[in-house]
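Protein chains in written order, with this note's numbering: chain A, 457 to 796; chain B, 457 to 796.
Glycine included, every Cβ here is placed at the ideal spot set by N, Cα and C.
Right, one structure below, let's go through it.
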């Protein structure tokens, strides 16, 4: 073999923020497909906040990784050898290979990708799981009406950017929260939100309130923590809160000041008839995924739906990019171009 | 006048638990109705946990009382003099007179009560606002399915007792939480719940878990605090949590131990796709109140829906009874027989 396969495994469970030493790059032989198998060569690896949860030994909607396991993740891969009747050499597929350059598959969980529909990397972002998280959460839970106000954090990211654009399509006001002036400029000017607020500003709660003069009807929650505290007083009667992520607490609960914030949140849920509903994108896939592909695919094709990717070169850069994403240092959907 | 009218006003805003000195009994003249007015003589006054919220100077779904205002409350009253075309002497009505023996009304907010339908006191309990709170929350949010498990606290009270009976009618398992052996016996044997757990037991969380071997699909939240902490780990994927009250925190947030419990609750909302939705009974009145009166009225008439009332004699006993109710010392729906 001129070039070995590579993979990144969980070397140690992180304590709080993941460190580079929690990951380990391993070389292995490139495997050979047996009957009914294909060999996949990964082109793009998606990095997503949910992966942080899998690194902990805690029951959630999916089983935790064990130390030594290859990090999980969705990828776009090319079939480079096939003994499977449904796949031919050269086919592009969406796969759950994890953080690796090569993988064998018997076809379970693979789906073919049509490169004519949209750039294939978008199937990991705006036209993939993050995009469908935005679409499903807004369609089933958020349900914005014309004239309402929709707020989303991480607004330059793959979920938030589509949440705001879907709000605009529905005739609602879209207010994005992002970290720093550059991201805010992109959210407002590049994505067409009505307002963008920098959560790093000292007067962030006041700025957010000023940007929402009629209160908030939908808050798409993917962050938690201090941003939730700023949003809570602004929520209108009957506001809806789809909860798709809580990146601010994935590295452990934020440092407490001794205040139990649950009673205040429950009080507002009661007194303003709020709906707070968690979901995982595939909760809604059976009913809404086909509509998503058609509607958002068309929006990408005609340019009416915009998105931004933050491409990282080389599998070995994945741990560093992942750690940076958890700190909000990415700018757009984080995708690793794996190559070989 | 042989007998003056009496009323109870908010004498001081409570700090934490209300004290008797936060109320004041006042005598006034019995008023005389002008044109288009009726004079009401109160027969029954309902005492309900929401009244605690009105005593604080805090924005909620209704305006706070001012010090010196008559305490708010729903009543069954008799029209003893009428200059209003729609009401005749002797009519019984539901009214929002507050804690008083007599009141004038121009008819707004009055509705006639048919004493043939059910004992009129039930229109303040199982067939009134508390009953409709149970009905609306279960019908719109809880939506129990056959074989699911429904849990409710304050299960011998007017909301909880109907929640469990509606769960049974829907084919679900009903588990009630109540304070003390006597209430638990009534919940299980008198109301027909499948199980009743005493929340004052030291091993309450373990007992609750044992009573819910398949987890919890609907938790009807009217208490909050420590009971929520015991329920949270038992909630199943897609569980629904109608939030109609938080009596454990009405006297102020429970004493903290420095733990912020919000992150853990949000994490479970996310990882188990929970729906937590607050409501006030009248959110659902337009759509569901007629069905409620028909269905629950029929159940009371044929004895298939059971209820318990805790009748207190005399308006002057209302403050003491109200304070006791907030501590869970009532046994059934608290109603003051006002008389004169």
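Taking 8 Å as the CB-CB cut-off, is residue 722 of chain B touching chain A? yes
So, is the C-beta of residue 691 of chain A closer than 8 Å to a C-beta in chain B? no
Taking a contact to mean a Cβ-Cβ separation below 8 Å, would you say residue 615 of chain A touches residue 678 of chain A in this structure? yes
Taking 8 Å as the limit between beta carbons, can you name the residues of its chain near residue 468 of chain A, skipping five residues before and five after? 477, 478 and 523
Residue-level contact to chain B via CB, residue 674 of chain A, 8 Å cutoff: no
Any beta carbon of chain B sitting closer than 8 Å to that of residue 779 of chain A? False, the Cβ-Cβ gap to chain B never drops below 8 Å.
Quick one: Cα of residue 551 of chain B to Cα of residue 696 of chain A, how far? When rounded, the separation of the alpha-carbon atoms in residue 551 of chain B and residue 696 of chain A is 33 Å.
Compile a chain-ordered list of the residues in the segment 728-744 of chain A whose CB is closer than 8 Å to at least one CB of chain B. Residues 728, 729, 730, 731, 732, 733, 734, 735, 736 and 739.
Decide if residue 472 of chain B is buried, meaning its Cβ has at least 16 other Cβ atoms within 10 Å, or exposed. exposed
What does residue 715 of chain B reach in chain A if we use C-beta pairs closer than 8 Å? 712 and 716
Spatial neighbours of residue 544 of chain A within its chain, please: C-beta separation below 8 Å, excluding the five flanking residues on both sides. 535 and 538
Against chain A, with Cβ distances strictly below 8 Å, would residue 457 of chain B count as a contact? Reliability fails at residue 457 of chain B, whose pLDDT of 42 lies under 50, so the model's placement of it is uncertain and no value is given.
Please return the same chain residues whose Cβ sits closer than 8 Å to the Cβ of residue 663 of chain B, not counting the five positions on each side in sequence. 653, 654 and 657
Where the beta strand (DSSP E) through residue 502 of chain B begins and ends: Following the DSSP letters along the chain, one finds residue 502 of chain B inside the beta strand (DSSP E) bounded by residues 494-502.
Distance cutoff 8 Å, beta carbons only. Does residue 679 of chain B sit that close to anything in chain A? no
Taking just the CA atoms, how far does residue 530 of chain A sit from residue 749 of chain A? 17 Å
Do residue 786 of chain A and residue 795 of chain A have their C-beta atoms within less than 8 Å of each other? Taking the C-beta atoms as reference points, residue 795 of chain A is found no nearer than 8 Å to residue 786 of chain A.
DSSP on residue 675 of chain B, reduced to helix/strand/coil? strand
What span of residues does the alpha helix (DSSP H) with residue 683 of chain A cover, start to end? 682-687
Going straight from the alpha carbon of residue 501 of chain A to that of residue 642 of chain B, what length do you get? Looking at the two C-alpha atoms, the distance is approximately 59 Å.
Listed by chain order, chain B residues near residue 688 of chain A by CB distance under 8 Å: What residue 688 of chain A touches in chain B: nothing, since even the nearest Cβ is about 10 Å away.
Suppose you measure from the CA of residue 556 of chain B to the CA of residue 498 of chain B; what does that come to, to the nearest Å? If I take the Cα positions, the gap works out to 7 Å.
At which residues does the beta strand (DSSP E) containing residue 664 of chain B begin and terminate? From DSSP, residue 664 of chain B is part of no beta strand (DSSP E) but of the alpha helix (DSSP H) over 660-667.
For chain A, is any of its Cβ atoms less than 8 Å away from the one on residue 752 of chain B? no
Grab the span of the alpha helix (DSSP H) containing residue 694 of chain B for me, first residue to last. First-last for residue 694 of chain B: 691-699, but that is the beta strand (DSSP E), not the alpha helix (DSSP H).
Against chain B, does residue 725 of chain A count as a neighbour if the rule is that its beta carbon must be under 8 Å from one of theirs? Interface criterion met: the Cβ of residue 725 of chain A is under 8 Å from a Cβ in chain B.
Three-state secondary structure (DSSP) at residue 467 of chain B? coil
Quick check on residue 643 of chain A - is its C-beta less than 8 Å from some C-beta in chain B? no
Thinking C-alpha only, which one of B:729, B:600 and B:484 is nearest residue 589 of chain A? B:729
What is the rounded straight-line gap between the Cα of residue 562 of chain B and the Cα of residue 495 of chain B? 9 Å
Leaving aside the five residues before and after residue 592 of chain B along the sequence, list all residues of the same chain whose C-beta is less than 6 Å from its C-beta, in chain order. 737, 740 and 744
Mind checking the segment 463-477 of chain A against chain B and listing, in chain order, the residues whose C-beta falls within less than 7 Å of any C-beta there? none
List the endpoints of the continuous alpha helix (DSSP H) containing residue 619 of chain A. 614-625
What are the start and end residues of each continuous beta strand (DSSP E) run of 3 or more residues lying completely inside the segment 528-580 of chain A, in chain order? 531-538, 548-551 and 558-561
In whole angstroms, give me the CA-to-CA distance for residue 548 of chain A and residue 566 of chain A. 10 Å
Check the DSSP bridge columns for residue 779 of chain B and list the partner residues they point to. DSSP lists no partner for residue 779 of chain B.
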